[in-house]
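Residues -22 to -1, 1 to 222 (mature numbering (1 follows the signal peptide of the UniProt record, and there is no 0)) make up the sequence shown, in order.
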Amino acid sequence: MMRKIFKVFCAAIAVAVGSAVISGCSLLPKYRDPKSMDIDGKTYVTGFYKNLWTNGIPYREDETADFESRYHHWWKIEGTPFDLYCAENKEALIWAPAVYCAEEQFDAAKAYYESAVNYDYYIGIYLEDDEHVEVQDGNRQLLERAVSTIMQFEDEKFVGGLFDPYKDYKVEYDVEFLDWLRPTVYRVSKDGLFTTIHLELAIYNDRLYIPGATTEDNLSSFYDIFDDETSDYITSLFKQYNFL
């Protein structure tokens, strides 16, 4: 069984600086992941997954790669329905592999990781003082707070925190609107390979929101509010587990 990606602790400023450095470096050939690679007479390609982060690939520090190309180390991925490899840039400062599938499996792999039925859905609660879990997609580096309590969804209504179709409108609240329950909703592929970003939500007076930008004077913030059906569904989960 594949291990979860390693956890890191990092200050917020490091995220901003790291993202800028990585974005700049990605313009150079030696820092880019190749679109395809020939391995043992077979072509492997990436680009079959989108808005997903590697979750189940073990950290390969001090492990010998299956082979090397000019700029990358390559490892075979086991335990998935497809013929996959991951590639890590030799200059990478953190573990952020790109995933490749056999070219003839591209359409099948793309369809598999786009299908809602191939994921388990979870909901959890953020703590004020908790560690960070690193998740990434290619060169995008995102640090998310660890989840203290995990509950599995009972259906597949939501695609791992991609909630845009369910949002009604924006509302503005005073900054005192901080005493909320802070759930997160996300999904993990059933092969354990990918996860979605852990989207931070807010529950206040039995309504569901997404925290947004704070006004320039820091006196109020904007929030996306959800439709009644979505709010009722999420809040009912928390009531079921005695969080509300």
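All residues carry an ideal CB built from backbone N, CA and C; glycine is no exception. These numbers were taken from a predicted model, which means no experiment stands behind them.
Proximal residues to Y63 (C-beta, below 7 angstroms), its chain only, five neighbours per side dropped: I17, Y22, W52, W53, K54, I55, Y78
Limits of the beta strand (DSSP E) - the one that A76 falls within: Run containing A76: 76 to 80, per the beta strand (DSSP E) assignment.
R165 classed as buried or exposed, judged by whether at least 16 other C-beta atoms fall within 10 angstroms: Classification for R165: buried.
CA nearest to the CA of I212, picked from I103, Y201, F172, K28: For the set I103, Y201, F172, K28, the Cα lying nearest the Cα of I212 is the one of I103.
Endpoints, the alpha helix (DSSP H) within which Y211 is located: 206 to 218
Those residues which DSSP pairs with S167 across a bridge: Y97
Beta carbon of N33 nearer than 8 angstroms to that of T127: no
E92 versus A65 - alpha carbon distance: 22 angstroms
Distance between Y9 and L71 (C-alpha atoms, nearest Å): Per the coordinates, the alpha-carbon of L71 lies some 11 angstroms from the alpha-carbon of Y9.
Alpha carbon of D98 to alpha carbon of D169, nearest angstrom: 10 angstroms
Classification of S167 by the beta-carbon crowding that lies within 10 angstroms, buried from 16 upward: buried
Candidates E178, P12, N96: closest to E46 by CA position: P12
In DSSP terms, what P189 is bridged to: Y201
Cut-off 6 angstroms between Cβ atoms - residues of its own chain near K217, not counting five sequence neighbours on either side: none
One or two residues paired with Q130 in a DSSP bridge: By DSSP's assignment, Q130 forms a beta bridge with Y100.
Of the listed residues N220, N183, Y27, Y49, nearest to S209 (C-alpha basis): Comparing Cα-Cα distances from S209 to each of N220, N183, Y27, Y49, the minimum goes to N183.
Member of Y201, L179, I35, I188 whose CA lies at the smallest distance from the CA of A74: I35
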